[in-house]
Amino acid sequence: MAIDIIPKKEEKDILGTAIFYFGLVLLVVLLIISAIFYILEWRIENQQVVEVQGIIEAQKTKEMIILETKMEKTLSKVNDFIFVLENKKTSKEILDTLENLIHPAIYLDNIILSATKETVSIVGTAQDSVVFGQQLDILNNNNDITAVVIDNFERNTNRTIDFSITINFGEVLNEENNEQY
Amino acid sequence: MNNIKKSIIFYFISILVIVFVIPPVYKNFLVAKENLNAEQKRLEQQSAYFEEMRRLEKELEEYSVQLTKIETAIPENPSIPSIIKYVESIANNSGVILYDIGSFSTEKFGDHPTLQETTFEIEVEGLNYAEVKRFFDGIESSAKVFLIEEADIAREEEEESGAIRFKALATIKTYSY
C-alpha cells in the first residue's frame, strides 16, 4: 500500500467564495448608494435650500419693501382714477345739448338735472301750443335723447302753455367728458 | 458551505436594502431637489420682480406730471375747509355768489377700499344762467375731481325790484384717500 508522502491539497470552494464576496460587495455598494442619496438630500435641504431662502430674504430689503409699497399705491391710484373717469357723468354735456334744443319762444324757469339718472326736467312756459308742439318735435327727433315725458301741461288764458317735461339723455353724459385730464 | 450561508445573509440584507432603504431615501432626495428648484425659481421670479419695479420706478419718473395731476385730482385726506375754499375760489372766478355749502358726508367707495367718496351740497346765485353754467363748468373741469350729481337751476324774480336771479342747488361728489 502506497503511503501519500505529499498530502493532498485541500480543495477550495471557489464558487462559494466568489458568491460570498460578490454578496458582500453588493451589500456595501448598496449601503454606499443609500448613504450618498441621504447625504445629498441632507445637503440640499439644510444647505442649498437654506442658502437660496437666505438670498430671497436678503433681497427683501427695507428699500425694496418701500419701493414695492410705493408702486402698489401708485398702481392703485391710477386704477382708481381710471375708474372714476370712466364712470364720470357731468352736467356740461347735458346743459350744452339742452341749450341747443330749446325753442327760442320758450322760457325756462327751472332746470333739474340728475347726472346719475341721466335725466333733466325742465319747467317753463311756451308762447303757444304750436311752439310747445315744435319743442316736443325737436326733442323727440334728437338722437341723443332716449325718452321725453310730459309731466305737466297747462294752458293759460293768454294762450301760453306752462309745462314740465322730463328728458332722458341716455349715454350722452358719459361721452367726451374725460378730455380735461 | 459556510460561505454559502454567509452569502445568503448578505443577499437577503441587500434585498432588504433595495426594497426598504433605497426607494424612500431616493424619493426624499428627489423631493429635496424639487424644493431646491422651486426655491431657485422663486429667487429668479423675485429678482425679476424687483428688477421690473426698479425699471417701472424709473419709467414713472417720466410721467411725474401726470401722476401729480392724479394726486391732485384725488388727494389724500383733504380737509373740509380746503374743499370749501376750493369751491369758493371757483365761485369767485365764475361770478356767482356761494350762499351755502354743507351736508358733508364721506363713505367708502364701492369695491375700491382705499377710495372715499365725499358728497356735499351747495347753493349759489348768479345774475344770469351763463354765470351758473360757468360755475358748473369750473367745478367739473377743476384739477380736483368734482362731479355734479344733482342740480336744480331756478330763475327767480325779486318782487320789489323785479330783478332776475338764477339760483342753483347742487349735490356734488368728490373723491379722496
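So the protein lines, in turn, are chains A and B. When the count follows this note's numbering, it moves up by one through the first sequence with no breaks and lands on 181 for the last residue. When the count follows this note's numbering, it moves up by one through the second sequence with no breaks and lands on 1177 for the last residue. Where is the CB? At the ideal position from N, CA and C, for every residue including glycine.
Are the C-beta of residue i and some C-beta of chain B separated by less than 9 angstroms?
{"i": "A:D109", "result": "yes"}
{"i": "A:I167", "result": "no"}
{"i": "A:I161", "result": "no"}
{"i": "A:K89", "result": "yes"}
{"i": "A:G170", "result": "no"}
{"i": "A:Q135", "result": "no"}
{"i": "A:Q53", "result": "yes"}
{"i": "A:N174", "result": "The predicted model places A:N174 with a pLDDT of 49, which falls under 50 and marks its position as unreliable; any figure quoted below should be read in that light. By this cut-off, A:N174 is not an interface position."}
Less than 9 angstroms between the C-beta atoms of residue i and residue j, yes or no?
{"i": "A:I122", "j": "A:S91", "result": "no"}
{"i": "A:T116", "j": "A:A147", "result": "no"}
{"i": "A:T69", "j": "B:L1067", "result": "no"}
{"i": "A:N110", "j": "B:I1097", "result": "no"}
{"i": "B:A1032", "j": "A:E86", "result": "no"}
For residue i and residue j, I'd like the C-alpha separation in whole angstroms.
{"i": "B:E1061", "j": "A:A58", "result": "27 angstroms"}
{"i": "B:S1150", "j": "A:T157", "result": "Reading off the sequence shown, one finds Glu at residue 1150 of chain B, where the question assumed Ser. Taking the straight line joining both Cα atoms gives about 34 angstroms."}
{"i": "A:E93", "j": "B:S1047", "result": "49 angstroms"}
{"i": "A:V52", "j": "B:K1041", "result": "10 angstroms"}
{"i": "B:V1065", "j": "B:T1072", "result": "11 angstroms"}
{"i": "A:V49", "j": "B:E1039", "result": "7 angstroms"}
Determine the extent of the alpha helix (DSSP H) in which residue i is found, giving its start and end residues.
{"i": "B:R1134", "result": "Y1129 to E1140"}
{"i": "B:A1038", "result": "I1022 to E1061"}
{"i": "B:K1069", "result": "S1064 to A1073"}
Could you spell out where the beta strand (DSSP E) holding residue i opens and where it closes?
{"i": "A:Q127", "result": "Element bounds for A:Q127: n/a, residue is neither H nor E."}
{"i": "B:D1100", "result": "I1097 to F1109"}
{"i": "B:D1152", "result": "F1146 to E1157"}
{"i": "B:Q1116", "result": "H1112 to G1126"}
{"i": "A:D162", "result": "I161 to N168"}
May I ask you to list the residues that DSSP assigns as paired with residue i?
{"i": "B:I1090", "result": "According to DSSP, which records beta bridges pairwise, B:I1090 is partnered with nothing at all."}
{"i": "A:Y107", "result": "A:T125"}
{"i": "A:L16", "result": "The amino acid at residue 16 of chain A is misidentified as Leu; the sequence shows Gly. DSSP lists no partner for A:G16."}
{"i": "A:V120", "result": "A:L113 and A:I167"}
Of all Cβ atoms in chain A, is any one closer than 9 angstroms to the Cβ of residue i?
{"i": "B:K1144", "result": "no"}
{"i": "B:A1154", "result": "yes"}
{"i": "B:N1003", "result": "yes"}
{"i": "B:E1039", "result": "yes"}
{"i": "B:E1061", "result": "no"}
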